[in-house]
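Residue numbers 172 to 423, in my numbering, belong to the letters of the sequence shown in order. Backbone N, C-alpha and C fix where the C-beta goes; we use that ideal spot for every residue, glycine too.
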Amino acid sequence: MLLVKFTAKWCLPCKWMDKTVFQDSQVIEFLDDKIVGISVDVDDSEGVALQSEYQVKLLPTMLLFHPEGNLLDRKVSSQNSTDVTKWIADQMSLNHITPIQKVQPENNVVVPTISEEEAFFKQKEESLTLSTQTETKINTTNQVHQTIEQNNTTTKELTSSSESEIKESVNYILGEYYVQVGAYSQFENAKAEAEKLDETFNQGASISDEILSQGKTIYKISLGSFQTLEEAQLFQDLLKQHKINGLIKKMD
């Protein structure tokens, strides 16, 4: 079967899936003889065409195809490892699809060289970019973008991780950039707009407050958490296509 995953550099839930689900050894083992996977970037010309052809409106989206080429089913939004394997297993059972069984070579069978096998499975692994993460929910607390300080207390609490692992994890979760898309004087208005934006872009809309010099409080909506400026700019361009102005900000 063929698994097509639609993604984008700016898609935070997609990155979570890439880092977790399809890095899961049990998922990799399950998919090994069942799936050939490809990843489609919706910002590429080919990706735009496929996105239109299959009416992909939300990321991440995964399409599962029968070995004969017809579309079996799709999954929209983030999935965890159990969700992905169960979904594929159910579709195989429903459509009576049997995975290819690996046959032990006999003496008279010509077996590919190790280098050929490694090249094949390496190519297959590189094409599989799946993962799991529950969809990002809107954080409506007053302070959303918090600076994470790796002080001695934090280090002691995370004794199972090395300092470099902690730093990598923090950078991955927060990224360095986000896009601010609006400011409201009423919290309820900001919350309603944030929910709408999160439904459209699935980028973990968040709300933070700021007290102006006059003593008035405003509520700012931010989208995403991007590791590079390029990713933030790509998402900013996408917002422009929806007639939304966004301002790229760097995490404090």
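Coil, strand or helix - residue i by DSSP
i, result
"THR311", "The predicted model places THR311 with a pLDDT of 38, which falls under 50 and marks its position as unreliable; any figure quoted below should be read in that light. Correct three-state label for THR311: coil."
"ASP380", "strand"
"LYS421", "strand"
"ILE415", "coil"
"ASP408", "helix"
"CYS185", "helix"
"ILE268", "coil"
"ASN373", "coil"
"VAL213", "coil"
"ASP203", "coil"
Cα-Cα separation between residue i and residue j, rounded to whole angstroms
i, j, result
"ALA365", "GLY417", "13 angstroms"
"PHE193", "GLN374", "20 angstroms"
"GLN226", "GLU200", "31 angstroms"
"LEU235", "ILE389", "45 angstroms"
"LYS421", "ALA260", "43 angstroms"
"LYS257", "ILE206", "13 angstroms"
"ASP244", "GLN262", "8 angstroms"
"HIS413", "ASN360", "20 angstroms"
"LYS367", "LEU394", "12 angstroms"
"VAL164", "SER377", "Residue 164 is absent from the structure shown; the chain starts at 172 and stops at 423."
"GLN407", "ILE382", "26 angstroms"
"GLY386", "TYR355", "15 angstroms"
"LYS228", "PHE372", "9 angstroms"
"GLN222", "HIS267", "28 angstroms"
"GLU402", "ASP203", "31 angstroms"
"VAL350", "THR269", "46 angstroms"
"MET188", "PRO231", "9 angstroms"
"ILE419", "VAL247", "27 angstroms"
"GLY240", "GLU224", "15 angstroms"
"VAL175", "TYR348", "28 angstroms"
"GLN321", "LEU265", "Any reading at GLN321 needs caution, since the residue's pLDDT is 41, under 50, leaving its predicted position unreliable; the model's value is listed next. Approximately 50 angstroms between the Cα atoms of the pair."
"LEU400", "SER196", "32 angstroms"
Bounding residues of the beta strand (DSSP E) (the contiguous stretch that carries residue i)
i, result
"PHE193", "Neither: PHE193 is in no beta strand (DSSP E) and is coded neither H nor E."
"GLN351", "348–355"
"VAL247", "242–247"
Where the alpha helix (DSSP H) through residue i begins and ends
i, result
"ILE259", "252–265"
"GLU239", "From DSSP, GLU239 is part of no alpha helix (DSSP H); its letter is neither H nor E."
"GLN226", "That residue, GLN226, is in no alpha helix (DSSP H); it is neither H nor E in DSSP."
Those residues which DSSP pairs with residue i across a bridge
i, result
"GLY208", "LEU174"
"VAL390", "First, the residue type needs correcting, since residue 390 is Tyr and not Val in the sequence shown. Beta-bridge pairing links TYR390 to TYR355, ASP380."
"MET233", "LYS176, LYS246"
"PHE397", "TYR348"
Cut-off 7 angstroms between Cβ atoms - residues of its own chain near residue i, not counting five sequence neighbours on either side
i, result
"LYS186", "none"
"LEU242", "LEU234, PHE236"
"MET172", "LYS205, ILE206, LEU235, PHE236, HIS237, PRO238, ILE268"
"LEU183", "THR307, GLN374, GLY375, GLY395, SER396"
Cutoff 8 angstroms; reference residue i; Cβ partners in own chain excluding five residues on either side
i, result
"LEU405", "ALA179, LYS180, TRP181, ASP214"
"ILE392", "GLN351, VAL352, GLY353, ALA354, TYR355, ALA361, GLU364, ALA365, LEU368, ALA376, SER377, ILE378"
Contact set for residue i: own chain, Cβ-Cβ below 6 angstroms, skip 5 residues either direction
i, result
"GLY218", "VAL211, ASP212"
"PHE358", "TYR390"
"LEU410", "GLY417"
"GLY346", "SER396, PHE397, GLN398"
Test: residue i CB closer than 8 angstroms to a CB of chain B
i, result
"THR256", "No chain B is present in this structure, which holds just one protein chain."
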